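Here the protein sequences come in this chain order: A and B. Number 132 in our numbering belongs to position 132 of the first sequence; there are no gaps in the numbering. Number 1014 in our numbering belongs to position 14 of the second sequence; there are no gaps in the numbering. So the structure is just underneath, and the comments pick up after that.
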Amino acid sequence: MLELRLVQGSLLKKVLESIKELVNDANFDCSSTGFSLQAMDSSHVALVALLLRSEGFEHYRCDRNLSMGMNLNNMAKMLKCAGNDDIITIKADDGSDTVTFMFESPTQDKISDFEMKLMDIDSEHLGIPEAEYDAIVRMPSAEFARICKDLSSIGDTVVISVTKEGVKFSTKGDIGAANIVCRQNTTVDKPDDATVIEMKEPVSLQFALRYTNFFTKATPLSSTVTISLSNELPVVVEYKIAEMGYVRFYLAPKIEE
Amino acid sequence: MIRQKSILSFFHKT
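Structural data, given as structure tokens:
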């Protein structure tokens, strides 16, 4: 038996909106730790890892570890039917081939339940090694989204370079080239508006903008984004989910061979 | 030549 009650239901709505275009089908894993997911896009270029910790739920009952295969587009369709202020409860019985999403309005005057069919998904769980990153950039998530969107109108790939000068995002395309440099800036009114760069080694890596633009669908989840880079390793683009966990996107670089 | 690496060349099945 599984019963997870999330008072801030809008978080789950935003999570689905952030990953449904990158991943079609995925197994949601439920354990005493929390509600999590790890899935690759169909080309195996990017990987998404989601964690919503059990402590973040108002009620969290998960009698045994359970893996539920879901079509993310269908799940998003159902969650779109929940109001932004609704409380969402996820329910499943042991051995059932369905999951139920229950939506309660804040005043309890409207209660809906949506039952979705589960699916069998052959998924490969990958071990993500702990890494020390050469450079970690924290910046406003809206700024990162703007940069990815702007550069994708010029080129298909972005080179992200971190030096002591700052973080540079560059692209080239048929019509020309573009460079955007963000310098460390901690003298801002709100801490979330800061750009903070921690650099051990200079880094320069090239990525497909198509994917970084998918990642920025998570912008509504967090006002800041953390980009962790090491030469010749996948970049990690992390959006923290307030007091609950995170959505992390890993993207394999393009490498000169 | 620039090649797109696969995530599977960095992370392995558990």
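Virtual Cβ for every residue (Gly too), placed ideally from N, Cα, C. Just so it is clear, the structure is predicted and the values come from calculations on it, not from any experiment.
Exercise. Measuring alpha carbon to alpha carbon, tell me which of A:S123, A:K13, A:D109 and A:C62 ends up nearest A:K77.
Key: A:K13
Quiz prompt | Any chain B beta carbon closer than 8 Å to A:K254 | solution = yes
Quiz item: If the cut is a Cβ gap below 9 Å, which residues of chain B does A:V247 touch?
Solution: None at all; the shortest Cβ gap to chain B is about 16 Å.
Quiz item: Apart from the five residues just before and just after A:S31, which ones in its own chain have a Cβ nearer than 7 Å to its Cβ?
Solution: C62 and N65
Quiz item: By DSSP, does A:N213 sit in helix, in strand, or in coil?
Solution: helix
Self-check item: Straight-line gap, A:P106 to A:Y60 (C-alpha atoms, nearest Å)
Solution: 19 Å
Quiz item: Taking the beta strand (DSSP E) that A:M244 falls in, what are its first and last residues?
Solution: Looking at the DSSP string, A:M244 is not in any beta strand (DSSP E), and its letter there is neither H nor E.
Quiz item: Could one say the Cβ of A:V158 lies closer than 8 Å to chain B's Cβ atoms, at least one of them?
Solution: no
Self-check item: 8 Å Cβ cutoff, A:P106 in contact with chain B
Solution: no
Quiz prompt | Segments assigned alpha helix (DSSP H), at least 4 residues, entirely inside the region 121–145 of chain A | solution = none
Exercise. Tell me whether the beta-carbon of A:S213 lies closer than 8 Å to the beta-carbon of A:S123.
Key: Strictly speaking, residue 213 of chain A in this sequence is Asn, with Ser absent from that position. No, the Cβ-Cβ distance between A:N213 and A:S123 is not below 8 Å.
Quiz item: Can you tell me where the alpha helix (DSSP H) with A:K117 in it begins and where it stops?
Solution: Here A:K117 belongs to no alpha helix (DSSP H); instead the beta strand (DSSP E) covers I111 to K117.
Exercise. From the DSSP output, in three-state form, read off A:L6 for me.
Key: strand
Exercise. Give the straight-line distance between the Cα atoms of A:D281 and A:A208, rounded to the nearest whole angstrom.
Key: In the structure as shown, chain A starts at 1 and stops at 257, and residue 281 of chain A therefore has no counterpart that could be examined.
Practice problem: Name, going along the chain, the residues of the region 111–127 of chain A whose beta-carbon falls closer than 7 Å to a beta-carbon of chain B. | Solution: E124, H125, L126 and G127
Quiz item: Which first and last residues belong to the beta strand (DSSP E) in which A:K77 is found?
Solution: Not the beta strand (DSSP E): A:K77 falls in the alpha helix (DSSP H), residues L72 to L79.
Quiz item: So, is A:P191 buried or exposed, given that buried needs 16 or more other C-beta atoms within 10 angstroms?
Solution: exposed
Practice problem: Could you check which residue in A:P253, A:M139 and A:E243 has the C-alpha nearest to that of A:V159? | Solution: A:P253
Quiz item: In chain order, what residues of the region 44–61 of chain A put their CB closer than 7 Å to some CB of chain B?
Solution: H44, V45, A46 and L47
Quiz item: Three-state secondary structure (DSSP) at A:S36?
Solution: strand
Quiz item: Does the beta-carbon distance from A:D25 to A:I87 come in below 8 Å?
Solution: no
Practice problem: Measure from the C-beta of A:Y133 to each C-beta in chain B and report whether the shortest distance is under 8 Å. | Solution: no
Exercise. Along the beta strand (DSSP E) that carries A:T98, what are the first and last residues, could you check?
Key: T98 to E104
Quiz prompt | Where A:E201 falls, given that 16 or more other Cβ within 10 Å makes a residue buried | solution = exposed
Quiz item: Can you tell me whether A:N27 is buried or exposed, with buried defined as 16 or more other CB within 10 angstroms of its CB?
Solution: buried
Quiz item: What separation, rounded to the nearest whole angstrom, lies between the Cα atoms of A:E243 and A:S10?
Solution: 14 Å
Quiz item: Which chain B residues are close to A:M298, counting only those with a beta carbon under 7 Å from its beta carbon?
Solution: Beyond the ends of chain A as shown, which are 1 and 257, falls residue 298 of chain A; an answer cannot be given.
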